[in-house]
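Taking it in order: structure first as structure tokens, then the write-up.
Numbering (UniProt numbering), first residue to last: 1 to 70.
Right under this line is the structure:
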């Protein structure tokens, strides 16, 4: 699970940083394309965060059920 935690953290950072960068570009230039990209990356970040949370929770549930059965 440690590998999974690090992988999900890397994926989340890899979507958070471009989102913040494009938001900064939008704030300073007013380019609507930058705002669209920031929103898209933010949505990807939310999806990856929820995916990581769900896999962690259900992975622990499955491990618990497995341990109860054996």
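Virtual Cβ for every residue (Gly too), placed ideally from N, Cα, C. Since we're looking at a predicted model, the values are computed, not measured.
In this structure the region 40-47 touches the region 5-15; the number of beta carbon pairs closer than 8 Å is three or more.
Residues of the same chain with a CB within less than 7 Å of the CB of residue 34, apart from the 5 flanking positions on each side, are 22, 25 and 26 in chain order. Its chain contains 52 as the residues whose beta carbon lies nearer than 6 Å to that of residue 8, once the 5 sequence neighbours on both sides are disregarded; these appear in chain order.
DSSP places residue 31 outside any alpha helix (DSSP H), giving it a letter other than H or E.
Residue burial annotation: residue 31 is exposed, with fewer than 16 other C-beta atoms found within 10 angstroms of its C-beta. In the structure shown, residue 1 adopts coil according to DSSP, grouped into three states.
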